[in-house]
Each structure stands twice: as C-alpha cells, then as structure tokens.
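Undergrad:
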Amino acid sequence: MKKLIFATGNPGKLKEIRAIMGDMDMEILTMKEAGINVDIVEDGKTFEENAIIKVKTILAALPEGEDALVMADDSGLEVDAMDKAPGVYSARWMGEDTSYRIKNMKIVELLEGVPVEKRTARFVCTIAAGEKGKEILVARGVIEGKIGYEERGENGFGYDPIFYLPDMSRTTAELSPEEKNAISHRGNALRAMKKKLQKK
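So the sequence shown is numbered by this note's numbering: it starts at 3 and just counts up by one.
(1) Taking Cβ positions, are V265 and T128 nearer each other than 8 Å?
(2) If we count the other Cβ atoms within 10 Å of its Cβ and call it buried at 16 or more, is I38 buried or exposed?
(3) Given a cut-off of 8 Å on the beta-carbon distance, is the pair L71 and L6 in contact?
(4) Provide the residue span of the alpha helix (DSSP H) that contains Y28, from first to last.
(5) So, are the CB atoms of G143 and G189 less than 8 Å apart?
(6) Quick check on D75: does DSSP put it in helix, strand or coil?
(7) What do you get for P163, buried or exposed, if any count of 16 or more other CB atoms within 10 angstroms of its CB means buried?
(8) Between the C-alpha atoms of G132 and M73, what's the straight-line distance to the nearest angstrom?
(9) Is the beta carbon of V40 less than 8 Å from the beta carbon of A63?
(10) What residue range does the beta strand (DSSP E) around R94 cover?
(11) What do you reckon, are the CB atoms on P179 and K17 nearer than 8 Å?
(12) In the DSSP assignment, what are the bridge partners of R124?
(13) Going by the CB atoms, is the gap between G155 and K182 shorter than 8 Å?
(14) Considering only their Cβ atoms, is the gap separating V126 from A160 smaller than 8 Å?
(15) Hey, how far is the Cα of D45 from the Cα of K120?
(16) Quick one: what does DSSP say K134 is sitting in, helix, strand or coil?
(17) Here's a check: name, in chain order, each residue in its chain whose Cβ is nearer than 7 Å to the Cβ of A184, leaving out the five neighbours to either side.
(18) From which residue to which residue does the beta strand (DSSP E) around I7 run?
(19) Leaving aside the five residues before and after E29 along the sequence, list all residues of the same chain whose C-beta is less than 6 Å from its C-beta, in chain order.
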C-alpha cells in the first residue's frame with residue numbers, strides 16, 4: 003500500500019484528513035509516524051507558498067528509494083476588519099505558545115464596536131501534494147463566515163469557536179465533525195486535491 007505522509011502533528015487536523023482521504027487506498031501517516039524529523043521554515047508570503055515549502059522539505063528528507071506521496075496544508079483565518087490578519091500567521095499570531103482562547107478573545111476585543119455586516123471573515127486552506135521528481139499539485143478551499151461576539155462550541159479547534167456561520171446560526175465549533183468536514187475550508191481543499199490525484 004502506498005504511503006501518504008501528511009505534514010501535521012495536529013490531531014484535529016489529522017482526523018479530518020483521515021475522514022476525507024480514507025478511501026484513497028493509502029496508508030495515511032504523520033511525519034512522526036513516518037519517522038521524519040525535519041525543521042520546516044515557513045517563510046512564504048502566501049498559504050500556497052508555505053504548503054509547497056512543507057512538501058519540498060519533506061520530500062528532500064525522505065530516505066533514498068522511498069516512494070511516498072507527501073501532502074501539506076497551510077491554512078488560516080482572514081478577518082476583513084483586521085486587513086485580512088492573522089492570515090498566513092494564524093498559528094503564530096500573538097506567539098505559537100499562546101492559547102487559542104486568548105487569541106480568540108483578542109480578535110473579539112479588536113472587533114468591539116464593528117457592526118455585524120463588517121465582521122466578515124473566511125477560513126482559507128491551501129493543500130500541496132507531490133512525489134519525488136514530479137510536479138507539485140495545489141488545491142484551495144475557502145469557507146466564508148463572520149466573527150462572533152464570544153466563543154461558542156466545544157468541537158473543532160483553533161479559531162472555530164468565534165467563526166460564525168450565518169446560514170447555520172452556529173460557529174464551526176458547534177458543528178459535528180461530519181457537518182464540519184462537509185463544508186470546511188480544509189474539507190473543500192482536500193476534496194479538490196482528491197479529484198486532482200484521481201485524475202493522475
């Protein structure tokens with residue numbers, strides 16, 4: 003069975019990936035499970051650049067003769083009233099070790115007094131996939147929403163508790179994993195990538 007190595011150590015993210023890519027007849031592994039220990043310097047200016055950097059770094063670290071499909075994503079939250087911040091710095095915004103509860107409360111605080119129609123935001127996810135000596139494929143997924151006024155919901159992770167979906171009257175942290183996978187930025191990007199891989 004072919005290996006699919008996904009550049010993440012985030013258990014929430016991996017759950018989503020396995021749920022959507024699970025029928026690809028591939029063994030889905032994290033970098034750690036694949037025995038790859040390499041520092042990735044994410045110095046790209048866009049989600050696309052960072053996802054490609056991750057794939058190239060891992061491909062270069064694969065043992066000689068190892069055939070694996072490497073996938074990586076770069077994703078984040080763009081808040082229009084904050085000039086699309088935190089954007090590509092979503093994970094590192096206010097420091098990588100700062101809890102998302104603090105980050106979420108800071109965004110809510112920064113948007114104090116901003117009317118509902120100007121609280122627009124989106125989650126963006128770009129996925130890159132490649133094998134040694136082959137072209138790197140890129141797919142993008144987006145979900146539009148608004149920034150809520152408080153944290154709501156226990157599901158999901160990261161900025162999910164403040165990302166409100168007007169059509170569903172819930173935050174992404176109030177959705178079941180199945181509901182979230184069906185509409186999320188990562189779900190959309192993974193499905194788009196799956197189509198590209200199946201066409202190969």
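The C-beta atom is built at its ideal place from N, Cα and C for all residues, glycine as well.
TA: Put simply:
(1) Coverage of the chain is limited to positions 3 through 202, which leaves residue 265 absent and any answer about it impossible.
(2) With 16 or more Cβ atoms within 10 Å of its Cβ, I38 is classed as buried.
(3) yes
(4) Per the sequence presented here, residue 28 reads as Met, with Tyr not at that position. M28 -> not in any alpha helix (DSSP H); beta strand (DSSP E) instead, spanning 28 to 32.
(5) Yes, they are a contact pair.
(6) strand
(7) Its Cβ being crowded by 16 or more others within 10 Å, P163 is buried.
(8) 7 Å
(9) Contact flag set, yes.
(10) Counting along the chain, R94 falls outside any beta strand (DSSP E), and DSSP gives it neither H nor E.
(11) Taking 8 Å as the cut-off, the beta carbon of P179 is found closer than this to the beta carbon of K17.
(12) E80, E146
(13) no
(14) According to the sequence as given, residue 160 is Gly; it is not Ala. Not in contact: G160 and V126 (Cβ atoms no closer than 8 Å).
(15) 30 Å
(16) coil
(17) Only residues of its own chain outside the window of five on either side were considered, and among them none has a CB closer than 7 Å to the CB of A184.
(18) Run containing I7: 4 to 8, per the beta strand (DSSP E) assignment.
(19) Within the same chain, E29 has close Cβ partners M3, K5.
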